[in-house]
Amino acid sequence: MAVRRGRLTAAIRRSPAYAALRDSIYRIYERRLESSLPTDKVPRHVGVILDGNRRWARSMGLSDVSTGHRRGADKISELLQWCTEARVEVVTLWMLSTDNLNRPAKELNPLLEIIENTVAKLAADGWHVKPVGAMDLLPDSTARVLKDAEEATSDRPGLIVNVAVGYGGRREIADAVRSLLLEQAGKGTSIEELAEILDAEHIAEHLYTRGQPDPDLVIRTSGEQRLSGFLLWQSAHSEFYFCEVHWPDFRKVDFLRALRSYAARHRRFGS
């Protein structure tokens, strides 16, 4: 009896009528969430760790995890539209970490191709694309797509889309310090003189995200509750929202819940 009930429930959930009812309820819920959000507590910069593509593919019984990466890539355009509607100014999407570069070639190469296609599409669709990451660690073809997208979209107004590819927080800080040292050496500044004047702002001016506001809100999907090196310097005062759903299944209601959670928090910045 229990088995038959389970099969019946599963069949109902796969039916078009159930899907239509579910979607209708979600739309009503979305509108309620949107109307309840305070307009004066919108994060200027949202960082998103797009986690769970491989687990989504496996949960769907798919042996090729690239299907999950492609499905996750398709979700990005929706997220950017939601951010635009919410009047977010900057979004940073963590698409590939420095650790991910150690994955087997049979998984990494298709993933890099998906990233290249996604970045090219973002540029073609009119977004202001800015790569953040260690370009020298990437294959030439990937680095070229990122640089081309940045050059083609640098003057576009509206939402800035940081695509973090070959990104690692520790690597970013090391690159920032290296850039600072080279800059000061070019000016004839000695190590002793630099040590006298060095402060946090000097390093911040050499980060990949220099000139941008630090992330107010960092969202991570797939249930993991850690940063894994994402925006280590910039997230010192960020608010965090961890979502159980895998990235390919991330919905507008999940995004709105993150905004609602952010708006309900009292940010003291250590004071």
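First residue of the sequence shown: 53, per this note's numbering; consecutive thereafter.
For every residue, glycine included, the Cβ atom is placed at its ideal position computed from N, Cα and C.
Note that the coordinates shown come from a computational prediction; the quantities given were computed from them, not determined experimentally.
Review point. Quick one: is Phe307 buried, meaning 16 or more other Cβ sit within 10 Å of its Cβ, or exposed?
Key: buried
Review point. Could you give the residue range of the alpha helix (DSSP H) that holds Trp134?
Key: Note, Trp134: alpha helix (DSSP H), 118-138.
Practice item. Find the nearest neighbour of Asp103 within the set Val117, Trp134, Gln133, His180, judged by alpha-carbon distance. Key: Val117
Practice item. Note down, in chain order, each residue of its chain lying with its Cβ closer than 6 Å to the Cβ of Gly99, except the 5 sequence neighbours on either side. Key: Thr144, Pro267, Val270, Leu283
Check your understanding: Taking C-alpha atoms, which residue in Arg122, Glu257, His180, Glu141 lies nearest to Glu168?
Key -> Arg122
Point to revise | CB contact flag (Ile212, Lys173, <8 Å) | key: no
Point to revise | C-alpha distance - Leu190 paired with Asp177, whole-angstrom precision | key: Between the alpha carbons of Leu190 and Asp177 lies a distance of about 24 Å.
Point to revise | Neighbourhood of Ser313 by C-beta distance below 6 Å, restricted to the same chain and skipping five residues each side | key: Tyr293
Point to revise | Neighbourhood of Lys127 by C-beta, 7 Å cutoff - its chain only, sequence neighbours within 5 removed | key: Trp299, Pro300, Phe302
Exercise for review: Would you check if the segment 149-160 and the segment 206-224 touch, i.e. whether three or more CB-CB distances between them fall below 8 Å?
Suggested key: yes
Point to revise | Inter-residue spacing [alpha-carbon to alpha-carbon] between His318 and Arg278 | key: 21 Å
Practice item. With distances taken Cα to Cα, identify the nearest neighbour of Met147 among Arg139, Arg96, Val171, Ala138. Key: Val171
Practice item. State buried or exposed for Asn161, treating a residue as buried only when at least 16 other CB atoms are found within 10 Å of its CB. Key: exposed
Check your understanding: Going straight from the alpha carbon of Val297 to that of Gly124, what length do you get?
Key -> One C-alpha to the other measures close to 12 Å.
Point to revise | For Arg272, the three-state DSSP class (helix, strand or coil) | key: strand
Exercise for review: Check whether the Cβ atoms of Trp285 and Glu235 lie closer than 8 Å to each other.
Suggested key: no
Check your understanding: Just to confirm, does Arg320 get its C-beta within under 7 Å of one of the non-hydrogen atoms of the ligand NAP?
Key -> Among the components modelled here there is no ligand, and therefore nothing to report on the ligand NAP.
**Study point:** Beta-carbon proximity list for Ala195, same chain, < 6 Å, skipping 5 on both sides
**Key:** Only Met187 meet the Cβ criterion.
Point to revise | Of the listed residues Gly210, Lys239, Lys304, nearest to Tyr81 (C-alpha basis) | key: Lys304
Check your understanding: Which residue's Cα is closest to the Cα of Trp134: Lys158, Ile166, Glu86, Pro209?
Key -> Selected option, being the one with the closest Cα: Glu86.
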